[in-house]
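Trainee: This is the structure I have questions about; it appears just below.
Number of protein chains: 2
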Amino acid sequence: MADSIVALSVSDVRFPTSDLRVGSDAVNADPDYSAAYLTLRTRQGHEGYGLIFTIGRGNELCCAAIESMAQLVVGRDLDELRHASGKFCEEIMSDSQLRWLGPEKGVVHMAAGAIINALWDLWARIEGQPVWRLVCGMSAEELLACLNFRHVGDVLQRDEALAMLRALEPDAGARIARLEREGYPAYTTSAGWLGYDDAQLSSLCRQAREQGFRAVKLKVGRSLEEDLRRCRIAREAIGTDMALLVDANQIWEVDEAIDWIRELAVFRPEFVEEPTSPDDVFGHLKIKRAIDGIRLASGEHCANRIMFKQFIETGAIDVVQVDACRLAGLNEMLTVGLIAAKFGKPVVPHAGGVGLCEYVQHYSMIDFVRLSGRLEGRMIEYVDHLHEHFESPCRILDGAYMPPQVPGFSIRMRESSLQRYAFPDGPEWRGRRVRTG
Amino acid sequence: MADSIVALSVSDVRFPTSDLRVGSDAVNADPDYSAAYLTLRTRQGHEGYGLIFTIGRGNELCCAAIESMAQLVVGRDLDELRHASGKFCEEIMSDSQLRWLGPEKGVVHMAAGAIINALWDLWARIEGQPVWRLVCGMSAEELLACLNFRHVGDVLQRDEALAMLRALEPDAGARIARLEREGYPAYTTSAGWLGYDDAQLSSLCRQAREQGFRAVKLKVGRSLEEDLRRCRIAREAIGTDMALLVDANQIWEVDEAIDWIRELAVFRPEFVEEPTSPDDVFGHLKIKRAIDGIRLASGEHCANRIMFKQFIETGAIDVVQVDACRLAGLNEMLTVGLIAAKFGKPVVPHAGGVGLCEYVQHYSMIDFVRLSGRLEGRMIEYVDHLHEHFESPCRILDGAYMPPQVPGFSIRMRESSLQRYAFPDGPEWRGRRVRTG
């Protein structure tokens, strides 16, 4: 029987994380991790959930953007959305008036992504499968129909994409079995926030090693002296065989990045993340050419597939950090992932925040099974924080993400959390002096 | 006596332009030209006005974004804002939580721009000067303090910028006198909307020629056959000595743009605008290399100075179309303008819409007097539409913008228009069936 979307509702949920300086880095000094959370409902009573992660002020704009886009999904027939999701994505991103606010960037793009991901959640719940298994079970042709080739056809053509997807189809089962057995490797960022002192840093790094993580990531860029000291502490704690990652969160100018990275090279970082503006493809290229041998990563603020296309094709970055809430949902992540696979660049998704770990684990499992077929150089970021607010939080075992088994996109939040952290009227916020906005 | 900002208010104003197919192009089929309009008030009773131009749905998100940023300007001391506007701009764009929604792109960036431009309007009103004269009267050092070098230092350094500004200081008076005498050359887009038929096109082109415009612009990209026919009609109407511009509004893929532009080359367009995605620096470079000799223009959707920096430095575009509402206000326009001047690229601002002509005339006059010192290859877009809603609309004489004489940024709207076109409750909208959003 035909079903259709009949309602979309949005909640503004914020966690007062700035109290603890959790999440502090060179640019983001005092984040209050937040979510613009949405629920889709169908006539037959099915529900799908999605969210945009933000770091506090402005979360209300993401909620409003989702509401402004509701008209593009409410009333739509479910079968039509299900079987033509690539087409739907292009449609929701190219509303002839809303697209002026981007195009395909900022809050309208994030809102499109949250709606698209909620549709995936809904679809997977109806099918009784976790999203990654649902996608891994699709034919190459069905997967192709999910991709968005608009304005990226110069680096990836439809027939080429289909050939790539077909080539990995036969062994998909073996890779699924491997994931079920071993999980997907993770690294942790929980150890290295700038707000943590040296003793905390050292003990958290040792703990990360014991927990089996592939790497630890340190926030850098506030002061070179401090960075050298903290990298030394981290390297001592993790030893020589575990990877060290550093993340400057866009703080540097291009020339400054070159000087600074040369100083940090002695600690052999596996990659340096966000050395400068996330919009600056040429700036990254200039840095790359000057720091021979050290790899650059970026993506958590990369606006869309068109920016990623350039970063990847030119070799301006080595590691592709797609974000489940910055891009327009799983479909654009898959498009970027296939471009990355073509150019042999590993995708190492951005995670942490609220729900990002839950989201991106699905992406990375699909990447391994259907897009790149590889694990070398790949891992998923992990931050040990706020998972308790989700009904089916991600599960880490021996430093690896274990494949989600519960139907959906793992993003449904607990009712009690939605109520307690509702902004600005939930019990956690009432009485706090907050800068609204 | 010290004064400070005590209030910020916002209005959602929309004009039902889609009724007439005014503004129709290959991507924007049915725009309702709109403005998120803001008023700043000081304790002493001064006011400053600013706006974000949008094309309809989503205007409410721009209004909300301005409101979310009000906390960053209300309560601030006026002298502090006045004498450190570059610093203030960096501050408003790097709010540690709001910047997550960009950074520096989309609605938060546009909102920052509207506030910054309202401060310029306020300041100019207090000084009793039009904005362009106020800026042209600043010292090189004062002008330098208005610029934002963040993440563009690899192509323009402070000392270099100062030297450039100083070099043009001595003759500024002569250029001001020339502007007062001759105005600033304009081209018109009013002739070439896709929604107009061939007879309309021909007669409007002839009219543009008679009115003394430097060039006419045609919207293209819906069908090659139609474009060839319309370009021929336009060329016949304007003759061989007047320039023809064509604008694809991002419709083409990179390869498609190359093929299409080669076909249109016979009509000798002075430039081809927005051939593909406004984010695609490398795509533009690929097109440029394949269409030897034809110039590309882009910018109305270029998110910020970091994107412009790349387009300009690499030569991916030849003509720099800054937008007064897309960039973060006059300060970022000046920064982009100085980078363009360094690389010898003309700035030809995007205009039309609601209030863009009023805004950018100030920019271009400053460009001539203080940034580039040149008029060659430069002009301001003009669209003959919606000017009647402004208290001091721009004034065109013999195809040239005449310098504004009234204090401020020319952007204050008439009270009667604000009320009549208030969305969704003003008399023009009540009773209409609108897709809200």
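Protein sequence lines correspond, in order, to chains A and B.
In this text, residue positions in the first sequence follow the numbering used here: the first is 860, and each later residue adds one.
In this text, residue positions in the second sequence follow the numbering used here: the first is 860, and each later residue adds one.
Every residue gets a Cβ at the ideal spot worked out from N, C-alpha and C, and that includes glycine.
1. Examine chain A for any beta-carbon lying closer than 8 Å to the beta-carbon of B/A977, and answer yes or no.
2. Within this structure, are the beta carbons of B/H1209 and B/Q1169 separated by less than 8 Å?
3. For A/V1079, tell me which candidate among A/F1072, A/L1087, A/E1274 has the shortest Cα-Cα distance.
4. Quick one: does A/A924 have its CB under 8 Å from some CB of chain B?
5. Name the chain B residues whose beta carbon is nearer than 7 Å to that of A/H1010?
6. Taking Cβ to Cβ, would you say A/L966 is nearer than 8 Å to B/L960?
7. Specify, as a first and last residue, the run of the alpha helix (DSSP H) that A/L1027 falls within.
8. Report the three-state DSSP secondary structure of B/S1251 (helix, strand or coil).
9. Which residues of chain A have a Cβ atom closer than 8 Å to the Cβ of B/E919, listed in chain order?
10. Are A/R1148 and A/D1177 close, meaning C-beta to C-beta below 8 Å?
11. Could you list the residues in the region 1149–1175 of chain A with a C-beta less than 8 Å from some C-beta on chain B, going in chain order?
12. Leaving out five residues before and five after A/W991 in sequence, what residues of the same chain have Cβ atoms less than 6 Å from its Cβ?
13. Using the Cα positions of A/Q1016 and A/M1023, report the straight-line distance between them to the nearest angstrom.
14. Within a Cβ cutoff of 7 Å, which residues of the same chain sit near A/R1121, ignoring the five residues on either side of it in sequence?
15. With distance defined between alpha-carbon atoms, name the residue in A/P875, A/A866, A/D871, A/S868 nearest to A/G1290.
16. Going along the chain, which unbroken runs of the alpha helix (DSSP H) with 4 or more residues stay wholly within the region 1212–1261 of chain A?
17. If you drop the 5 nearest sequence neighbours on each side, which residues of the same chain put their C-beta closer than 7 Å to that of B/A983?
18. Kindly indicate which residue of A/V869, A/A861, A/R1034 has the alpha-carbon position closest to the one of A/D936.
19. With a Cβ-Cβ cutoff of 8 Å, do A/A1156 and A/F1130 count as a contact?
20. Taking 8 Å as the CB-CB cut-off, is A/G1296 touching chain B?
21. What are the complete alpha helix (DSSP H) segments, minimum 4 residues, inside the region 890–941 of chain A?
22. Mind checking if A/W959 is an interface residue toward chain B, Cβ cutoff 8 Å exclusive?
23. Just how far apart, CA to CA, sit A/G1071 and A/P1134?
24. Tell whether a beta-carbon distance below 8 Å holds between B/F1249 and B/V872.
25. If the cut is a Cβ gap below 7 Å, which residues of chain A does B/G915 touch?
26. Using the Cβ count rule (16 or more neighbours within 10 Å means buried), how would you classify A/S1275?
27. By the criterion of Cβ-Cβ separation under 8 Å, what are the contact partners of A/V967 in chain B?
28. When the Cα atoms are used, what is the spatial distance from B/H1244 to B/G1212?
29. Interface residues of chain A around B/G1142 at Cβ under 7 Å?
30. Going by DSSP, what residue range makes up the beta strand (DSSP E) through A/D1057?
31. What is the DSSP secondary structure of B/V994, counted as helix, strand or coil?
32. First and last residue of the alpha helix (DSSP H) that includes B/A1149?
33. State the DSSP-derived secondary structure class of A/R873, mapped to helix, strand or coil.
34. Using DSSP's beta-bridge definition, name the partner residues of B/V1195.
35. Under DSSP, the beta strand (DSSP E) around A/V966 begins and ends at which residues?
36. Counting C-beta neighbours from all protein chains within 10 Å, is the total for B/R1009 16 or more, i.e. buried, or is it exposed?
Mentor: The answer reads as follows:
1. Cβ-Cβ to chain A under 8 Å: no for B/A977.
2. Between B/H1209 and B/Q1169, the gap from beta carbon to beta carbon reaches 8 Å or more.
3. Cα-wise, what sits closest to A/V1079 is A/L1087.
4. By this cut-off, A/A924 is an interface position.
5. Residues of chain B passing the Cβ test: E1112, T1135, S1136, D1139.
6. The sequence as given places Val at residue 966 of chain A; Leu does not occur at that position. Result yes, Cβ atoms of A/V966 and B/L960 sit closer than 8 Å.
7. If you look at A/L1027, you'll find it in the alpha helix (DSSP H) that goes 1017–1027.
8. Coil.
9. By Cβ distance, chain A contributes A923, S927.
10. Contact flag unset, no.
11. So the close ones are H1160, A1162, N1163, I1165, M1166, K1168, Q1169, E1172, T1173.
12. Excluding sequence neighbours, A/W991 sits near H1221, M1224, I1225.
13. Rounded to the nearest angstrom, the two C-alpha atoms are 11 Å apart.
14. The answer, listed in chain order, is I1150.
15. With distances taken between Cα atoms, A/G1290 lies closest to A/P875.
16. As far as the region 1212–1261 of chain A is concerned, its whole alpha helix (DSSP H) runs of at least 4 residues are 1215–1225.
17. These residues qualify, in order along the chain: P989, V990, L993, P1266, G1267, F1268.
18. Minimum Cα distance to A/D936 is reached at A/A861.
19. Against a cut-off of 8 Å, the Cβ pair of A/F1130 and A/A1156 comes out as a contact.
20. With a pLDDT of 43 at A/G1296, under the threshold of 50, the predicted position of this residue should be treated as unreliable, though the coordinate-derived value follows. True, the Cβ-Cβ gap to chain B drops below 8 Å.
21. For the region 890–941 of chain A, the full-length alpha helix (DSSP H) segments reaching 4 residues or more read 918–928 along the chain.
22. By this cut-off, A/W959 is an interface position.
23. Going from the Cα of A/G1071 to the Cα of A/P1134 covers about 27 Å.
24. Not a contact, by the Cβ cut-off of 8 Å.
25. Going along chain A in sequence order, the residues near B/G915 (Cβ under 7 Å) are Q956.
26. When all chains shown are included, A/S1275 counts as exposed.
27. Listed along chain B, the residues sitting closer than 8 Å to A/V967 by beta-carbon distance are G917, L920, G965, V966.
28. One C-alpha to the other measures close to 8 Å.
29. By Cβ distance, chain A contributes D1013.
30. Note, A/D1057: premise wrong, no beta strand (DSSP E); alpha helix (DSSP H) at 1057–1069.
31. The answer is helix: DSSP assigns B/V994 an H, G or I state.
32. For B/A1149, the enclosing alpha helix (DSSP H) covers residues 1140–1149.
33. Looking at A/R873 - three-state DSSP - the assignment turns out to be strand.
34. According to DSSP, B/V1195 bridges with nothing at all.
35. Judged by DSSP secondary structure, A/V966 falls outside any beta strand (DSSP E) and instead within the alpha helix (DSSP H) spanning 965–986.
36. Per the 10 Å Cβ criterion, buried.
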